[in-house]
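A.B. asks:
Numbering (my numbering), first residue to last: 75 to 455.
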C-alpha cells in the first residue's frame, strides 16, 4: 500500500471516533452563495451610503494594511469605541477631525446591518470572463442554498446516530450565517446553542450546554440572529419582528477587540466550551473545514491543547493549501503526530513532508461538498 493510502486509512479510523468536534469557517458557505471576506468587503463598501458614514469608514480603513477586509474595519471601529468611552470628551480624532462615540456606534451598526443582510440573503459577484452577472439575494428572492449543509448533517448523523444521546458531537463555527443550525433543524436534530426558548430564545448557557441530548452548536463569532437588547439582554431573534427595544444591535464578533472583550458573555462561555472539548479526557477529534486559521484566540487554544502532554486531541484539517500556522505546528514532533492536513495537493501527517496521491495532480476533498463525499466513502478524490 502506498504511503498516501496508508495515511488516509489512518485518517479514516480517526474520523470514526466516538467523540467528534468540527470547526467550520467561511469557506463552507461559499458554495451556498454567501461571499468570502474580500467579496463581502466590496459589497458592504458599495452599500454604505455616501456622506459622513462613507468618509468615516475610509478614514478608518486607510489606517489598516492594504489587504484589510470588513472584519478588520469592524474590529477597528470597536477599538475606537472603547477608546472614546474612556476619553474625556467621549470622542476620537482621525485625520484632524473629531468623531463622537455616537458617530462610531452608528457606523458600527451600519456595517453590521449590511453584513447581516448580505449573509442572510446571499450575494455572488459577477464573472466577466464567463459572462455571469452578479446575483443579489433579497428578502423576497434569497439565493442562499442549504443543500451542502444538509448533506453534511445527514452524513454525520447517519454514522453517529448512536452518539446523539450522549452529546458526543460538537460543532463550532466562526460563521455568522444560520445555515448549520437550519440544516440540523431540518434534519430533525436537537441543538444546544446556549439559548433556551423557541423561535425567539434567551441566552441560558448553563441549561443549554448541559443538556444530555442533541448536538452542541457553538458560534464563536456570534450570529446574524443574535441581538443584545437594552431591556432583555442577549436574544436569538426572529428576523422581521419589532418586539425588542434595540433590534439593530446585532451581535457579531469578528476579531479580538477590546470593545467586545468588555462584554464578557456570551463569548466567555463559548470559548470555555471550546476549551472543555479540547481537553476532554476521552479520545476525540477536532476537524476543521473552511477555516483559514486567521483567528488568534482559536489558534491559541488549539496550539495549547496539542502541546499539552497527555492531551487526547487529534487535529484533522481540510484546507486547499497548507499555511504558515500549520507548518509551524508540524515543526514540533509532539504536535505533528497528532495532526492530519488534507489539502488539494495531498496530505500532511507527522512532518512537513507532503504525501501526494500517485497519478492525481489535484484533490478536492477540502471543499465542503467533496468533504461530505469523503466522509461517506472514505476515498480521497
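Idealized CB from N, CA, C, for every residue including glycine.
Taking DSSP as the reference, what is the three-state secondary structure of residue 367?
C.D. replies: Correct three-state label for residue 367: coil.
A.B. asks: Our contact map puts residue 498 next to residue 201 with C-beta atoms below 8 Å; I'd like the distance itself, whole angstroms only.
C.D. replies: Beyond the ends of the chain as shown, which are 75 and 455, falls residue 498; an answer cannot be given.
A.B. asks: Could you give the first and the last residue of the continuous alpha helix (DSSP H) run that contains residue 190?
C.D. replies: Segment 175-195, the alpha helix (DSSP H) holding residue 190.
A.B. asks: Indicate whether residue 206 and residue 197 have their beta-carbon atoms separated by less than 7 Å.
C.D. replies: Cβ atoms of residue 206 and residue 197: not closer than 7 Å.
A.B. asks: DSSP on residue 81, reduced to helix/strand/coil?
C.D. replies: Note: residue 81 maps to helix in three-state DSSP.
A.B. asks: Write down the C-beta distance between residue 364 and residue 442 rounded to the nearest angstrom, noting that I regard them as a contact closer than 8 Å.
C.D. replies: Confirmed, about 6 Å.
A.B. asks: Alpha helix (DSSP H) containing residue 132: first to last residue?
C.D. replies: 126-135 is the extent of the alpha helix (DSSP H) around residue 132.
A.B. asks: What's the call for residue 163, buried or exposed, on a 16-neighbour Cβ count within 10 Å?
C.D. replies: Exposed, because fewer than 16 other Cβ atoms sit within 10 Å of the Cβ of residue 163.
A.B. asks: From residue 383 to residue 204, what does the alpha carbon distance come to, in whole angstroms?
C.D. replies: Going from the Cα of residue 383 to the Cα of residue 204 covers about 52 Å.
A.B. asks: Are the CB atoms of residue 269 and residue 310 nearer to each other than 7 Å?
C.D. replies: In contact: residue 269 and residue 310 (Cβ atoms closer than 7 Å).
A.B. asks: Can you give me the start and stop residues for the beta strand (DSSP E) that residue 390 sits inside?
C.D. replies: 387-392 is the extent of the beta strand (DSSP E) around residue 390.
A.B. asks: In the DSSP assignment, find the unbroken beta strand (DSSP E) run with residue 97 in it and report its ends.
C.D. replies: Counting along the chain, the beta strand (DSSP E) containing residue 97 begins and ends at 93-98.
A.B. asks: Quick check on residue 457: buried or exposed, where buried means 16 or more other Cβ atoms within 10 Å of its Cβ?
C.D. replies: No information on residue 457 is available, as it lies outside the stretch 75 to 455 that the chain covers here.
A.B. asks: Using only CA atoms, which one of 168, 219 and 120 lies nearest to residue 184?
C.D. replies: If we check each option's Cα against that of residue 184, 120 comes out closest.
A.B. asks: If you check the beta carbons only, do residue 264 and residue 287 fall under 7 Å apart?
C.D. replies: For residue 264 and residue 287, yes; Cβs fall inside 7 Å.
A.B. asks: State the Cα-Cα distance for the pair residue 307 and residue 339, rounded to the nearest angstrom.
C.D. replies: Residue 307 and residue 339: Cα-Cα distance of roughly 10 Å.
A.B. asks: Please list the terminal residues of the continuous alpha helix (DSSP H) segment that includes residue 152.
C.D. replies: Residue 152 -> alpha helix (DSSP H) spans 144-160.
A.B. asks: Could you tell me if the beta carbon of residue 263 falls within a distance shorter than 6 Å of some heavy atom in the ligand GDP?
C.D. replies: Here there are no bound small molecules, and the ligand GDP is not part of this structure.
A.B. asks: Contact check, residue 41 vs residue 425 under 8 Å by CB: the rounded distance?
C.D. replies: For the chain, the structure presents residues 75 to 455; residue 41 sits outside this window and is missing.
A.B. asks: Opposite residue 303 in the DSSP bridges: which residues?
C.D. replies: Paired residue(s): 307.
A.B. asks: For residue 166 versus residue 154, is the C-beta spacing smaller than 7 Å?
C.D. replies: Yes. Within cutoff.
A.B. asks: Below 8 Å on the Cβ atoms is my guess for residue 420 versus residue 429; work out the distance and round it to an integer in Å.
C.D. replies: That pair is a contact at about 5 Å.
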